[in-house]
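Taking the numbering used here, I'd label the letters of the sequence shown as residues 124 to 364.
Heads up: the structure comes next, in structure tokens.
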Amino acid sequence: MSIRADARHLYLQVIDEIRKEIDNGVYLENEKLPSEYELSKHLGVSRATLREALRILEEDNVVTRRHGVGTFVNPKPIFSSGIEELTSVTQMIERSGKVAGTQYLSAEVVQATDEDRLKFNNQSLTSLSKIERVRTADNDPVVFCIDKIPTDLIPIEVLRDESSIFNVFESYTKKRVAYAVTYIEPVSYHDRIYSILNYASDQPLLLLKQVHYTSDDEPVLYSSNYFRSDTFSFYVLRKRV
């Protein structure tokens with residue numbers, strides 16, 4: 124095979140060809156790709172061109188390269204959504220056709236820090252209800268969640284054993300979460316969280332840190348959600364102004 128007839132840069136052609144072969148089932152999820160020598164010969168390009176294509180495919184989370192072992196096809200995310208849509212983790216999982224579940228790890232009242240008071244814009248804040256949970260899709264752990272809510276809004280006893288923080292918050296307080304300010308960070312490795320999610324150490328996690336607000340601009344919930352990147356992907360719709 125040769126892809127040189129295409130006028131674009133060769134590495135872009137290689138990216139498209141490998142993606143197409145993955146989509147067509149030539150290479151399956153979690154399967155090891157042929158060696159660089161075999162793949163470059165198959166595509167009719169140099170190994171330098173192939174390496175550049177694989178580097179970009181790894182950045183796009185299509186493949187994972189393991190030093191001294193080879194390159195492997197990553198599973199496709201079961202859920203992909205615009206990050207501008209505020210959706211609960213339960214809804215995300217159920218929309219993908221999976222059964223959402225919850226495994227509780229801990230529930231405790233913690234003393235508010237200066238950083239917490241800044242996030243909640245409340246200098247008199249003294250304590251928070253902190254809930255740690257694992258969200259599952261068809262019983263597979265896919266998200267590690269840490270949620271904090273001021274104890275004067277909801278007692279910790281009310282939060283225990285509730286699968287949806289949104290639902291229990293809105294039913295108890297009669298307030299509605301209207302929007303969130305979200306920061307996304309990649310997490311390369313975290314011993315405890317990777318172990319809880321049963322996740323490969325060379326795969327990245329996506330950390331979404333969110334402050335949730337009511338329609339009156341009151342900050343009421345802070346969440347740190349660690350998503351498995353083989354299960355979830357997020358994008359942003361950007362419009363030209």
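Using N, Cα and C, we set each Cβ at its ideal position, and we do this for glycine too.
Fair warning: this is a prediction, and the values are worked out from it, not measured in the lab.
F292 sits in a helix when the DSSP states are folded into three classes. Here the alpha carbon of F350 sits roughly 11 Å from the alpha carbon of Q326.
The DSSP-derived three-state label of L330 is strand. Taking every protein chain shown into account, the CB of D275 has fewer than 16 other CB atoms within 10 angstroms, so this residue is exposed. Burial is judged here by how many other beta carbons sit within 10 angstroms of a residue's own beta carbon; I141 has at least 16 and is buried. For I216, the secondary structure class from DSSP, reduced to helix, strand or coil, is helix.
In the DSSP assignment, I179 falls outside any beta strand (DSSP E) and lies within the alpha helix (DSSP H) extending over 170 to 182. For Q136, the enclosing alpha helix (DSSP H) has its first and last residue at 133 to 146. With at least 16 other beta carbons inside 10 angstroms of its own, Q136 counts as buried.
Using a C-beta cut-off of 8 Å, the stretch 166 to 185 makes no contact with the stretch 220 to 227, since fewer than three inter-stretch Cβ pairs fall below that distance.
For I307, there is no enclosing alpha helix (DSSP H); the enclosing beta strand (DSSP E) covers residues 300 to 310. Per DSSP, V281 is one residue of the alpha helix (DSSP H) stretching across 279 to 282. Sequence-distant partners of I288 (beyond 5 residues in either direction) whose C-beta falls short of 6 Å from its own C-beta, in its chain, are D270. DSSP, reduced to helix, strand and coil, places K271 within a strand of the structure shown. The Cβ neighbour count for A171, taken over all protein chains shown within 10 Å, is under 16; the residue is labelled exposed. Take A260, set aside five residues on each side of it, and the residues of its chain with a beta-carbon closer than 6 Å to its own are I216, K221, in chain order. The C-alpha of D139 is placed about 16 Å away from the C-alpha of L151.
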